[in-house]
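Shown next, in structure tokens, is the structure this report addresses.
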Amino acid sequence: MAVKRREALIEQEEIEGGELNLIPYLDIVTNLMLFLLASISAGILLGQLNTMLPDKAPAGASANEPKPDTNPDEIPLKMVVSVTKEQIILWSVSQREGTLQSPRLVLPRIGLDGNRCDGGYMCESGWCDPGKAVCGPNPEGEQRRLPVFDYRELNRVLKEIATKYYTPSKKRPLDTYQAVLMADDSTPYETLISVMGAMRCPMPEIGEASERCYLPSNDEILTKAENPVDDFNRLYDTTRVDYDPEKHALFNDILFSRGFE
Amino acid sequence: MSFSPREARAIIRKAVGRVPEGEEIRHLNIMPMMDMMTILLVAFIFQASVSASALTASSVTLPRSMTEEPLPEEASTLIITPTALVLEGEEIVAVRNGSVDAGEKEGGARGYKITKLTRILASLRALENQNAVAKGREPAKIPELLIIADRTTPFRLLFDVIYSAKEKEAGYKRFRLIVQKHEPITAAK
Numbered sequence: 196m197a198v199k200r201r202e203a204l205i206e207q208e209e210i211e212g213g214e215l216n217l218i219p220y221l222d223i224v225t226n227l228m229l230f231l232l233a234s235i236s237a238g239i240l241l242g243q244l245n246t247m248l249p250d251k252a253p254a255g256a257s258a259n260e261p262k263p264d265t266n267p268d269e270i271p272l273k274m275v276v277s278v279t280k281e282q283i284i285l286w287s288v289s290q291r292e293g294t295l296q297s298p299r300l301v302l303p304r305i306g307l308d309g310n311r312c313d314g315g316y317m318c319e320s321g322w323c324d325p326g327k328a329v330c331g332p333n334p335e336g337e338q339r340r341l342p343v344f345d346y347r348e349l350n351r352v353l354k355e356i357a358t359k360y361y362t363p364s365k366k367r368p369l370d371t372y373q374a375v376l377m378a379d380d381s382t383p384y385e386t387l388i389s390v391m392g393a394m395r396c397p398m399p400e401i402g403e404a405s406e407r408c409y410l411p412s413n414d415e416i417l418t419k420a421e422n423p424v425d426d427f428n429r430l431y432d433t434t435r436v437d438y439d440p441e442k443h444a445l446f447n448d449i450l451f452s453r454g455f456e
Numbered sequence: 293m294s295f296s297p298r299e300a301r302a303i304i305r306k307a308v309g310r311v312p313e314g315e316e317i318r319h320l321n322i323m324p325m326m327d328m329m330t331i332l333l334v335a336f337i338f339q340a341s342v343s344a345s346a347l348t349a350s351s352v353t354l355p356r357s358m359t360e361e362p363l364p365e366e367a368s369t370l371i372i373t374p375t376a377l378v379l380e381g382e383e384i385v386a387v388r389n390g391s392v393d394a395g396e397k398e399g400g401a402r403g404y405k406i407t408k409l410t411r412i413l414a415s416l417r418a419l420e421n422q423n424a425v426a427k428g429r430e431p432a433k434i435p436e437l438l439i440i441a442d443r444t445t446p447f448r449l450l451f452d453v454i455y456s457a458k459e460k461e462a463g464y465k466r467f468r469l470i471v472q473k474h475e476p477i478t479a480a481k
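Written out as structure tokens, the structure reads:
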């Protein structure tokens, strides 16, 4: 009886003493902390692609005509990838790899449900079934269907062109890495990014992991360095290293264009 | 069983003596933990609100790419959402149906330059240069702008944005398009 009374007294003292019960507060804070920690970045890995707009040529300039005595291998091909609503057209301003009238490559739209894929970027629905590696309706809810093309074929032909002109055992001048990406006004950003990805570096086969390709550079530090290849930043000195289309960039210097003036 | 009053008092004293032992457990000092938790909570909420305003909630879906190039450490970021152009967390110009209102552009609907964007980018770049000088560094020779855009952003809008940033007043020369890294899927065997 006395023990019970004593315990009741202590409890009463605690209540009257105004001591807060912090357990619910701690529960809430801990839960919030876990939630916020889990939501940060959500494991998104980011990368980046470089680009720029072409400068306007001064009136009367003849679009950087090469000098007559220039080595034909060093004349830039001026490859152009034109993206329309229904197809991709690969041609060259130099006319050495097709013209707009007679292009080197024409790729129609693909990425329909049931087509093979190795990522959502290859499907109009944005969904590549991870088990079957085929495009299908997006289980996360139907999104706006964006045009998809055979980027691997574009990549294969660009690699073939680079191999034809800059191998074997040739140094590839820096300005030959430039290509123009011309697109219809309505072309969505995702399609542009995929086309740029296909233009920049050799793509792995479906299902194979991609390896970061080496980019050409005329960086002063690299050109003066003993080793012409910077493995950490994946750069190489074009004046000292022979071009290798398996490891090096294809046409990484991409200029955006809306057409000709 | 019966106890004498003396034995009963001894038992009570013994029992009561046990109670204070429990008090030590009840008075565990959790103040440092609470301080730490509260500070972390405030920091996380602040961080979440900053990134939310920068990306205007989850309205931007990045396209995926196989690119492996890492992000640069320092550069200004422009975000193109389906509803606005957002620079350093602040909405600059409204976007409707994938384009900027013709009134915002020099030359109207056929023009490329988004006047307000060029003006604000120019002041941002001046500020970047000032900061670089204050830190004892040279201003960037080739000023860079990071562009984060929704996967549905039309080429025309992207072109207009780059054109506006490349104008002499703003002077950005290199543009980095931010993408979400794509991990290849392999078919189950």
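So the sequence lines, in the order shown, correspond to chains F and E.
If you read the first sequence in the numbering used here, its first letter stands for residue 196, the second for the next number, and so on.
If you read the second sequence in the numbering used here, its first letter stands for residue 293, the second for the next number, and so on.
We put the beta carbon where it would ideally sit given N, CA and C, even for glycine.
Model, not experiment: these values are computed from the prediction.
C-alpha distance - residue 376(F) paired with residue 226(F), whole-angstrom precision: Those two C-alpha atoms are separated by around 49 Å.
Extent of the continuous beta strand (DSSP E) to which residue 434(E) belongs: Premise fails: residue 434(E) is in no beta strand (DSSP E) and is neither H nor E.
Span of the alpha helix (DSSP H), counted from its first residue to its last, around residue 415(E): Membership of residue 415(E) in the alpha helix (DSSP H) is indicated by the continuous run 407-426.
When 278(F), 272(F), 331(F) are compared against residue 287(F), the one with the closest alpha-carbon: Measuring from the Cα of residue 287(F), the nearest candidate turns out to be 272(F).
Three-state secondary structure (DSSP) of residue 198(F): Secondary structure of residue 198(F) (DSSP, three-state): helix.
Buried versus exposed call for residue 372(E) [16 or more other C-beta atoms within 10 Å across all chains shown]: Answer is buried; the Cβ neighbour count reaches 16.
Segment contact flag, the region 447-455 of chain E with the region 385-392 of chain E, C-beta cutoff 8 Å, min 3 pairs: In the pairwise beta carbon analysis, the region 447-455 of chain E is classified as touching the region 385-392 of chain E: at least three pairs are separated by under 8 Å.
8 Å Cβ cutoff, residue 385(F) in contact with chain E: Chain E places a beta carbon closer than 8 Å to that of residue 385(F), counting this residue as a contact.
CB contact below 8 Å: residue 382(F) versus chain E: Chain E, which has a Cβ nearer than 8 Å to the Cβ of residue 382(F), makes this yes.
Length-filtered (3 minimum) beta strand (DSSP E) runs lying within the region 355-380 of chain F: Runs of the beta strand (DSSP E) lying entirely within the region 355-380 of chain F and spanning at least 3 residues, in chain order: 373-378.
Where the beta strand (DSSP E) containing residue 448(F) begins and where it ends: Bounds of the beta strand (DSSP E) holding residue 448(F) are 448-452.
Beta-carbon proximity of residue 341(F) to residue 303(F), cut-off 8 Å: Result no, Cβ atoms of residue 341(F) and residue 303(F) do not sit closer than 8 Å.
Three or more C-beta pairs below 8 Å linking the region 334-353 of chain F and the region 302-318 of chain F: Contact between the region 334-353 of chain F and the region 302-318 of chain F is present, with at least three C-beta pairs closer than 8 Å.
Where the beta strand (DSSP E) containing residue 302(F) begins and where it ends: Residue range 300-305 is occupied by the beta strand (DSSP E) that includes residue 302(F).
Neighbour flag for residue 446(E) against chain F, beta carbons, 8 Å: Residue 446(E) counts as touching chain F.
Cβ-based burial, residue 256(F) [other Cβ within 10 Å; buried from 16]: Any reading at residue 256(F) must be qualified, since the residue scores a pLDDT of 43, below 50, and its modelled position is unreliable; the value itself is stated next. With fewer than 16 other Cβ atoms within 10 Å, it is exposed.
Range of the contiguous beta strand (DSSP E) that encloses residue 467(E): Where residue 467(E) is concerned, the enclosing beta strand (DSSP E) stretches over 466-473.
Boundaries of the beta strand (DSSP E) in which residue 417(F) is found, first to last residue: Under the DSSP assignment, residue 417(F) falls outside any beta strand (DSSP E), being part of the alpha helix (DSSP H) whose first and last residues are 415-419.
For residue 443(E), the nearest candidate out of 417(F), 418(F), 320(F) (CA to CA): The shortest Cα separation from residue 443(E) among 417(F), 418(F), 320(F) belongs to 320(F).
Residue 402(E) classed as buried or exposed, judged by whether at least 16 other C-beta atoms fall within 10 angstroms: It is exposed - the Cβ of residue 402(E) has fewer than 16 other Cβ atoms within 10 Å.
Where residue 365(F) falls, given that 16 or more other Cβ within 10 Å makes a residue buried: It counts as exposed.
C-alpha distance - residue 425(E) paired with residue 419(E), whole-angstrom precision: A direct Cα-Cα distance of roughly 10 Å separates residue 425(E) from residue 419(E).
Rounded Cβ spacing between residue 417(F) and residue 444(F) (contact assumed at less than 8 Å): Actually they do not touch by this definition, with Cβ atoms about 15 Å apart.
Cross-strand partners of residue 369(E) (DSSP beta bridge): DSSP output for residue 369(E) lists 438(E) as bridge partner(s).
Neighbouring residues, chain F, relative to residue 333(E) (Cβ below 8 Å): The answer, in chain order, is 224, 227, 228, 231.
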